[in-house]
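Chemist: Per the working numbering, the very first residue in the sequence shown carries number 28; after that it's consecutive.
Here a beta-carbon is modelled for each residue, glycine too, at the ideal position from N, C-alpha and C.
There's a structure below that I have some questions on.
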Amino acid sequence: MRMPRALAPWLAAAGALAASPAAAQTVCPATGSHVSLAPAWIDDTRGGRAPGLTLSLAACRPDYDTRPRFPRARHLGLRLDGAVPVTELAIPQNLEASAWYGLSVSLSERAPDDPELDLDAAPDAYAFHYGFLGVGARAQYETSADFDEQALAGGAELRWVDPRRPLLPSTVVAWDGVKPLVSGVRDTLGLGSDVHSRLGVRGYWLVPLGRRLRTEIEGGYFWSFGLDDALEARGWDSGPFVAGELAFAVDRPLGPLRLTSLFVGYARGQRPTDGERQRAWTLGAELGVR
C-alpha cells in the first residue's frame, strides 16, 4: 500500500522556507502539483487477493515570507490519497480527498554573519533551526476501500516537522467534526447519521537507506466522541494504525509516464471508517507523470 502523502505537500511548503525555491520544487514543483499512481497487488491476509490502484495527487499554492528570523508561508492545497482494489477486500487503507489552508513558521534564524548566503550551498547557515510549526484548517471526504462507509470531516490541524533530523517524526494533531454520509453499519443497527467529533494523532517518517533505497513509516491513533453506544460497543470509538513501506528507486521512462520505484508495504490497524482492525500486504510499482 502506498503510504498516505497527507504531510508531503504541506510540509514541503513549510520546508521551502529553509532553502531556495529550487530546493522546494523537488516536492512542490513549479506547476504546484504532484501526481503518483501505483498499480499494485493487494493481499488482505484473510485469503483475499486482488489487483488495485493506489494514488497520491496533490496541488499546492504557497506564498512565502522569507524574513531572516522565523520566516513563514501561507499555503492553499488540494489532495487525494488512498487505495482502490478492483474487488472488495478487508484492508485497513481508506481513500481521502481534502482541501486545506494553513500557515507555517520556520523555527529558525539565518546565520547573522552572512544573511544572503545561499542555503542550498550551505544548509547549516543558521543561528538556530528547530523545524517547522504550522496550523491549518481543512475539509475532507473520506471513505473505506469498499465505499460502505463515507463521511465528511472538517476541522483544524497542528503540525510539526524537522527535515534536518529525519529520525524525528513529522507530527500531525487534528480535531475534526465528522458527518457520516453513507454508513452500512449504521443502517444495519438502525442508527442515524449524527455529527460526532474526532481527535487524531499521526507520526510519519521518511528515511533514506542509501542512494536508491528508502523506508517510510506511519503510525497513528484516533479517538471519536459522541458516537452511539452501539457503535462504541463495536469498537468504532478509537483505534491505532501503523504502516511501513520499503521502496527501491528506478526512474525509467514509460511513454508519457515514468516508473519511479518498486515497493513492498504492510499496513495494520483501524481507520475511522471501519470498526475492525485489519491487515494488508501490498506489492507495486509507482508511476509519475513525466
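1) Have a look at residue 314 and residue 124 and give me their C-alpha separation to the nearest angstrom.
2) To which residues of the same chain is residue 176 closer than 8 Å at the C-beta, ignoring the five residues directly before and after it?
3) Provide the residue(s) that pair with residue 70 in DSSP beta bridges, ordered along the chain.
4) Assign residue 257 to one of three DSSP states: helix, strand, or coil.
5) For the 8 Å Cβ check, are there 3 or more pairs between the segment 274–290 and the segment 88–100?
6) Roughly how many angstroms lie between the CA atoms of residue 76 and residue 108, to the nearest whole one?
7) Which word fits residue 128, buried or exposed, when buried means at least 16 other C-beta atoms lie within 10 angstroms of its C-beta?
8) In chain order, what residues of the same chain have a beta carbon less than 6 Å from the beta carbon of residue 67, not counting five sequence neighbours either side?
9) Taking the straight line between their C-alpha atoms, what separation do you get for residue 307 and residue 295?
10) Could you have a look at residue 213 and say whether DSSP puts it in helix, strand or coil?
11) Quick check: residue 119 and residue 298, are their CB atoms within less than 8 Å of each other?
12) As a quick exercise: from 222, 186 and 250, pick the residue whose alpha carbon is nearest that of residue 262.
13) Assign residue 202 to buried or exposed, taking buried as 16 or more other Cβ atoms, counted over all protein chains shown, within 10 Å of its Cβ.
14) CA-CA distance, residue 214 and residue 287?
15) Helix, strand or coil for residue 302? Go by DSSP, reduced to three states.
16) With a threshold of 6 Å on Cβ separation, who are the neighbours of residue 166 within its own chain once the five nearest residues in sequence on each side are excluded?
17) What span of residues does the beta strand (DSSP E) with residue 285 cover, start to end?
18) Rounded to a whole number of angstroms, what is the C-alpha to C-alpha distance between residue 117 and residue 111?
19) Nearest to residue 84 by CA position, among 104, 172 and 72, is which residue?
20) Would you check if the distance between the CB atom of residue 130 and the CB atom of residue 193 is smaller than 8 Å?
21) Can you grab the Cα-Cα spacing for the pair residue 30 / residue 243, in whole Å?
22) Out of 87, 114, 91 and 92, which one is the CA nearest neighbour of residue 106?
23) Please report the straight-line C-alpha distance between residue 44 and residue 114, rounded to a whole angstrom.
24) Does the Cβ of residue 231 have 16 or more other Cβ atoms within 10 Å, making it buried, or fewer, making it exposed?
25) Kindly give me the distance between the Cβ atoms of residue 241 and residue 274, rounded to whole angstroms, as I take these residues to be in contact under 8 Å.
26) Below 6 Å CB to CB, which residues in the same chain sit around residue 72 once its five sequence neighbours on both sides are set aside?
27) Could you please give the first and the last residue of the uninterrupted beta strand (DSSP E) stretch that includes residue 228?
28) Who are the Cβ neighbours of residue 57 in its own chain at under 7 Å, not counting the five residues just before and after it?
29) Tell me whether residue 240, by its Cβ, gets closer than 7 Å to a heavy atom of the ligand COA.
30) Using DSSP's beta-bridge definition, name the partner residues of residue 204.
Modeler: Reading off the structure:
1) The residue labelled residue 314 in the question sits at position 287 within the sequence shown. The residue labelled residue 124 in the question sits at position 97 within the sequence shown. Looking at the backbone, the Cα of residue 314 and that of residue 124 are separated by about 20 Å.
2) The residue you call residue 176 lines up with position 149 of the sequence shown. Excluding positions up to five away in sequence, the list reads 170, 207, 209, 210, 211, 212, 300 and 301.
3) Indexing the sequence shown from 1 puts residue 70 at position 43. Here residue 70 is bridged, per DSSP, to 76 and 308.
4) For the purposes of this step, residue 257 is taken as residue 230 along the sequence shown, with counting starting at 1. Residue 257: helix per DSSP, three-state reduction.
5) The answer is no - the segment 88–100 does not touch the segment 274–290, with fewer than three Cβ pairs under 8 Å.
6) On the sequence shown, position 49 is the one that residue 76 refers to. On the sequence shown, position 81 is the one that residue 108 refers to. Whole-angstrom Cα-Cα distance: 21 Å.
7) Taking the sequence shown and counting its residues from 1, the one referred to as residue 128 is at position 101. Burial state of residue 128 is exposed, judged by a 10 Å Cβ sphere holding fewer than 16 other Cβ atoms.
8) Counted from its first residue, the sequence shown places residue 67 at position 40. The beta carbon of residue 67 sits closer than 6 Å to the beta carbons of 79, 81, 309 and 311 from its chain, once the five residues preceding and following it are set aside; these are given in chain order.
9) Here residue 307 corresponds to residue number 280 of the sequence shown, with the count starting at 1. Here residue 295 corresponds to residue number 268 of the sequence shown, with the count starting at 1. When rounded, the distance between both Cα atoms is 7 Å.
10) Counted from its first residue, the sequence shown places residue 213 at position 186. Three-state DSSP puts residue 213 in a helix.
11) Counting from one through the sequence shown, the residue named residue 119 turns up at place 92. Counting from one through the sequence shown, the residue named residue 298 turns up at place 271. The answer is yes: Cβ separation under 8 Å.
12) Here residue 262 is taken as the residue at index 235 of the sequence shown, counted from 1. The shortest Cα separation from residue 262 among 222, 186 and 250 belongs to 250.
13) Locating residue 202 in the sequence shown gives position 175, counting from the first residue. The residue is exposed, with fewer than 16 neighbouring Cβ atoms inside 10 Å.
14) Locating residue 214 in the sequence shown gives position 187, counting from the first residue. Locating residue 287 in the sequence shown gives position 260, counting from the first residue. Cα to Cα, residue 214 sits roughly 43 Å from residue 287.
15) On the sequence shown, residue 302 is found 275 positions in, with the first residue counted as 1. Note: residue 302 maps to coil in three-state DSSP.
16) For this step, residue 166 is matched to residue 139 along the sequence shown. Taken in chain order, the residues that qualify are 126 and 181.
17) As a working note, residue 285 is residue 258 in the sequence shown. Secondary structure note for residue 285: its beta strand (DSSP E) is the uninterrupted segment 284–296.
18) On the sequence shown, residue 117 is found 90 positions in, with the first residue counted as 1. On the sequence shown, residue 111 is found 84 positions in, with the first residue counted as 1. Each residue's alpha carbon lies about 12 Å from the other.
19) By 1-based counting over the sequence shown, the position of residue 84 is 57. Checked all of 104, 172 and 72; the closest Cα to residue 84 is 104.
20) Here the question's residue 130 lines up with position 103 in the sequence shown. Here the question's residue 193 lines up with position 166 in the sequence shown. Residue 130 places its beta carbon 8 Å or farther from that of residue 193.
21) Counted from its first residue, the sequence shown places residue 30 at position 3. Counted from its first residue, the sequence shown places residue 243 at position 216. Here residue 30 scores only 45 on pLDDT, less than 50, and its place in the model should not be relied on; the value that follows carries that caveat. So the alpha carbons of these two residues sit roughly 7 Å apart.
22) Reading the sequence shown from its first residue, position 79 is the one you call residue 106. Residue 106 has its Cα closest to that of 87, out of 87, 114, 91 and 92.
23) Here residue 44 refers to the residue found at position 17 of the sequence shown. Here residue 114 refers to the residue found at position 87 of the sequence shown. Residue placement at residue 44 is poorly supported in this model, since its pLDDT is 35, which falls under 50; the coordinates still yield a value, given next. Inter-residue distance for residue 44 and residue 114 is about 43 Å (C-alpha atoms, whole angstroms).
24) As a position in the sequence shown, residue 231 is number 204, starting the count at 1. With 16 or more neighbouring CB atoms inside 10 Å of its own CB, residue 231 falls in the buried class.
25) The residue labelled residue 241 in the question sits at position 214 within the sequence shown. The residue labelled residue 274 in the question sits at position 247 within the sequence shown. Rounded, the Cβ-Cβ distance is 5 Å, consistent with contact.
26) Against the sequence shown, residue 72 aligns to sequence position 45. Excluding positions up to five away in sequence, the list reads 306.
27) Reading the sequence shown from its first residue, position 201 is the one you call residue 228. 223–235 is the span of the beta strand (DSSP E), which, as asked, contains residue 228.
28) The residue you call residue 57 lines up with position 30 of the sequence shown. Because residue 57 carries a pLDDT of 39, less than 50, the predicted location of this residue cannot be relied on, and no value is offered for it.
29) Judged by which ligands are present, the structure shown has none, so any question about the ligand COA falls away.
30) The sequence position of residue 204 within the sequence shown is 177, counting from 1. Residue 204 is bridged to 181 and 224.
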